[in-house]
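Residue numbering for the sequence shown follows my numbering, starting at 17 and increasing by one per position. Think of the CB as a built atom: it goes at the ideal place given N, C-alpha and C, for glycine as much as any other residue. Inspection log for the structure reproduced underneath, given as structure tokens.
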Amino acid sequence: MQSEKQDPVNYYVGIDVGTASVRAALVDQFGTIVAHADQSIQIWEPKPDHYEQSSDDIWAACCTVTKKIIQGVDVAWIRGLGFDATCSLVVVDKQFQPLAVNYEGECKRNIILWMDHRAASQVDRINGTQHSVLSYVGGVMSVEMQPPKLLWMKENLRESCWEKAGYFFDLPDFLSWKATGVTARSLCPLVCKWTYSPDKGWDDSFWKVIGLEDLVADKYEKIGNQVLSPGASVGNGLTPEAAKDLGLAEGTAVAASLIDAHAGGLGVIGADVKGHNLPCENQPVTSRLAVICGTSSCHMGISDAPIFVPGVWGPYYSAMVPGFWLNEGGQSATGKLIDHVVRGHVAFPELQAKAAASAQNIYTYLNSHLDLIKKSLPVGFLTVDLHVWPDFHGNRSPLADLTLKGMVVGLTLYQGLDELALIYLATIQAIALGTRHILETMQSAGHHISTLFLCGGLSKNPLFVEMHADITGKPIVLSKEVESVLVGAAILGACASGDFASVQEAMERMGKIGKIVLPNHRDKRFYDKKYEVFLKLVEHQREYKAIMQGI
17 MQSEKQDPVN YYVGIDVGTA SVRAALVDQF GTIVAHADQS IQIWEPKPDH YEQSSDDIWA
77 ACCTVTKKII QGVDVAWIRG LGFDATCSLV VVDKQFQPLA VNYEGECKRN IILWMDHRAA
137 SQVDRINGTQ HSVLSYVGGV MSVEMQPPKL LWMKENLRES CWEKAGYFFD LPDFLSWKAT
197 GVTARSLCPL VCKWTYSPDK GWDDSFWKVI GLEDLVADKY EKIGNQVLSP GASVGNGLTP
257 EAAKDLGLAE GTAVAASLID AHAGGLGVIG ADVKGHNLPC ENQPVTSRLA VICGTSSCHM
317 GISDAPIFVP GVWGPYYSAM VPGFWLNEGG QSATGKLIDH VVRGHVAFPE LQAKAAASAQ
377 NIYTYLNSHL DLIKKSLPVG FLTVDLHVWP DFHGNRSPLA DLTLKGMVVG LTLYQGLDEL
437 ALIYLATIQA IALGTRHILE TMQSAGHHIS TLFLCGGLSK NPLFVEMHAD ITGKPIVLSK
497 EVESVLVGAA ILGACASGDF ASVQEAMERM GKIGKIVLPN HRDKRFYDKK YEVFLKLVEH
557 QREYKAIMQG I
């Protein structure tokens, strides 16, 4: 990788645990990904809205991908390791052995996945308390956060799980424990998903009023009473056992972790944009919104002072960038929704066959097919009579309504490839309209956002990016390294190593911008009308739900 004549280059390992796979990257001090690898992980769905994973399976995948990316590298050059992961809930006993989070008693399945909605009744009761901590989660706690899941376990698995549990970890914190043997938690997941306050700590009254007073009794040992800032060095670095598992050197610095979306924000939002004539140039970083788009999407905006945005999580102090307040909007199903709509269509086998015959993936083929059928009009205008409301898995932001469902208006009897391409386009537009809805809500509350920074798997799709630019009316910046989440995780490792003075310095030095996509303002009127229809759809849904109430 380097010759003896070159100056030594420092490397960092970033490990990202997503919903369906674990990825790792070897990143140099300039933010360039030198090597990367991925491996799928298991998901169990024992019943509707129950999604589970295995911490053993995930750690094994972390080890496999790390060993792949460091092949041929002297590990002495690898200065630090950073983890990010989904905000899933890991349960282990007092000896750190997996505990079953299911009725079947399958201990291997000891993780409640972030997208699990089993605790719907518990979160309703928690929100009914109107406790003051809820003001820091947009006024309404999400079923995807940890308190309702903990309450569900106490009420449904008391003897088999709750009473035997020694520790409840957010998945990013489990990984740093596994690597270092230290149970310290990162500020990021605790503040964002557990109601921890950076200045006040845990609020005893909240846990007591929701029925989890036993967590208070043991001084929060089970959920974390030692808290570190993201990027801080954890313990003495890699333990001998973890070093052997990962193929790295014992004592390699390990960083306090981040939630995966926050790592993506870290990897992209601080990049130097000088010379690109963007509206955020020479403006504070608070003028930028990072949108991390994968299975779901997260919208990360930061501010100097706390901004309370109805239906948007936060404000969270220092949860992503130290010294800044974070607001986090989100859409629970985006990449997953597009897959669901496309793969469930009757014309999908035809699409699959034609894409394979042309040696393209299905989405590249669909984008090309839309170009063929658009004629003289801009491609987005093809959906003038077809509209989608995208909340097939409830609305996370800005309506914070778990009960909302997906809607499609404008279907015909035709079911060919053209119709599949159109519903695919309408779904992408609906996701972009949802981003506009979140953006406008944040702006109304006091954010001043001029530029969107996109990363994640969906940012590789040119149509997805184009629709977000045209529908929001904002320029889109794409990272030079498409895998910004992995760069963000590596930035954590770089900070833990001491090679950078601050997270902000590492963000600016290691985050690099690539392509810029500008909005087509000529199409503004069309997308303003689409947005009007979009907002009408949810009004109508609420109207018919009210009509059917009590049946």
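Check                                                                                            : Outcome
Secondary structure of T82, DSSP reduced to three states                                         : helix
Contacting residues, own chain, Cβ-Cβ under 6 Å from A248 (five flanking each side not counted)  : A272
Cα-Cα separation between V395 and P246, rounded to whole angstroms                               : 42 Å
Option in I31, D355, K235 with minimal Cα separation from L441                                   : D355
Selected residue, minimal CA-CA separation from K421, among D539, T196, L429, Y560               : Y560
Stretch pair the region 260-271 + the region 83-101: three plus CB contacts closer than 8 Å      : yes
Distance CB(A446)-CB(P406) smaller than 8 Å                                                      : yes
Y543 in three-state terms, based on DSSP                                                         : helix
Straight-line gap, E548 to G182 (C-alpha atoms, nearest Å)                                       : 51 Å
Whole-angstrom distance between I532 and E499, CA atom to CA atom                                : 16 Å
N-terminal and C-terminal residue of the beta strand (DSSP E) that D109 is part of               : 105-109
Cβ-Cβ distance between V107 and N126 below 8 Å                                                   : yes
Beta-carbon spacing of H361, I465 below 8 Å                                                      : no
Coil, strand or helix - N10 by DSSP                                                              : For residue 10 there is no data in the structure shown, the boundaries of the chain being 17 and 567.
C-beta contact flag for D219 and T211 at 8 Å                                                     : yes
Cα-Cα separation, L167 to L388                                                                   : 53 Å
For M316: DSSP bridge partner residues                                                           : A306, E344
Sequence-distant residues of its chain with Cβ nearer than 6 Å to G432 (five each side left out) : A363
Candidates N26, N343, D186, I142: closest to V33 by CA position                                  : D186
Integer Cβ distance of I529 from V493, believed to fall under 8 Å                                : 5 Å
Delimiting residues of the alpha helix (DSSP H) encompassing E524                                : 519-526
Where Q55 falls: helix, strand or coil (DSSP)                                                    : strand
Closest Cα partner of L294 within the set P535, I49, L551                                        : P535
Identity of the residue in E366, Y430, N26 nearest W93 by Cα                                     : N26
Selection from K546, Q111, Q138, L203 that minimises the alpha carbon distance to L398           : K546
Backbone secondary structure at Y152 - three-state DSSP                                          : helix
Distance between beta carbons of H315 and V307, contact taken as under 8 Å                       : 5 Å
Where the beta strand (DSSP E) through K531 begins and ends                                      : 529-533
Touch test, the region 467-484 against the region 515-524, Cβ-Cβ under 8 Å, three pairs minimum  : no
Beta-carbon spacing of V198, A512 below 8 Å                                                      : no
The region 173-181 / the region 110-124 touching (three or more Cβ pairs under 8 Å)              : yes
Straight-line gap, V225 to T457 (C-alpha atoms, nearest Å)                                       : 31 Å
Buried/exposed call for G283, threshold 16 Cβ in 10 Å                                            : buried
L203 in three-state terms, based on DSSP                                                         : helix
Residues that DSSP places opposite N411 in a beta bridge                                         : D417
Straight-line gap, G291 to G96 (C-alpha atoms, nearest Å)                                        : 32 Å
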